[in-house]
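As you go down the protein sequences, you meet chains A and B in turn.
Oh and the first sequence: position 54 is 54 in my numbering, straight run, nothing missing.
Count along the second sequence from 1, add 1000, and you get the number used in my numbering.
Beta carbons: idealized from backbone N, C-alpha and C, even for Gly.
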Amino acid sequence: SQQGEEDPQALSIQEGENATMNCSYKTSINNLQWYRQNSGRGLVHLILIRSNEREKHSGRLRVTLDTSKKSSSLLITASRAADTASYFCATDGNFGNEKLTFGTGTRLTIIP
Amino acid sequence: NAGVTQTPKFQVLKTGQSMTLQCAQDMNHNSMYWYRQDPGMGLRLIYYSASEGTTDKGEVPNGYNVSRLNKREFSLRLESAAPSQTSVYFCASSEGSWTEAFFGQGTRLTVV
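The following block contains the structure:
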């Protein structure tokens, strides 16, 4: 089974609102990353947070990490139509073997 | 820079046929990955390679083989294609699992 599970599976919000999506994972990690995928395209890296960090910001993105709960959240503020995409979390699993596994994704739709 | 290049972009195979998906990166990355993406399943890791000359199984390796030909190239082979292997295949590369991964544009494979 997959390491990460995103929640919700799908989310629709009005343009300008904030979008929050969550990721839960199963095993200890060194790092957690978030990626975006526009329809039919390859994934694009958004942000990486290390296991000793609790929060990280990048532009309109805010990521939190709670290693005790094995969970992370991605907040997109002031959403735009261009944010419509699928979002995935990815973890390295702390195995020291370079494995990078992804969750099932959240499909975000921004309504203009 | 080309980044990660996958060929072909589209392919239709008959059940039992074989084919090789090619992937090349020009970023001098150590790690390379092959994923498949099916609706509602997110990305599932097939095989990965932490460095030239090494390969390891991911979550769904059955029915596939890989070759890390050199540092640039990582190919995925289907020896006897089955309809269950109909999917979109993505190749990715990174310095290691602690850094962002770069993705190719994907290969859409249909097995009939």
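Chain A within 9 angstroms of B:Asp1056, Cβ atoms only: yes
Status (buried if at least 16 other CB within 10 Å, exposed otherwise) for A:Ser1: Confidence at A:Ser1 is low in this model, with a pLDDT of 49, below 50, so its placement is unreliable and no value can be given for it.
Classification of A:Glu6 by the beta-carbon crowding that lies within 10 angstroms, buried from 16 upward: buried
Outcome for A:Lys99 when other beta-carbon atoms lying within 10 angstroms are tallied against a minimum of 16: buried
Close-in-space but distant-in-sequence residues of the same chain around B:Lys1057 (CB under 7 angstroms, 5 per side omitted): Tyr1047
Helix, strand or coil at A:Ala78 according to DSSP, with G and I counted as helix: coil
The stretch 20-36 of chain A / the stretch 1011-1029 of chain B touching (three or more Cβ pairs under 8 angstroms): no
Close-in-space but distant-in-sequence residues of the same chain around A:His45 (CB under 6 angstroms, 5 per side omitted): Tyr35
Inter-residue spacing [alpha-carbon to alpha-carbon] between A:Tyr87 and A:Thr106: 5 angstroms
Buried versus exposed, by CB contacts within 10 Å (16 or more), B:Val1112: exposed
Expected contact under 8 angstroms - CB spacing of A:Ala78 and A:Arg60 to nearest Å: 6 angstroms
Within-9 angstroms CB hit, A:Glu53 to chain B: no
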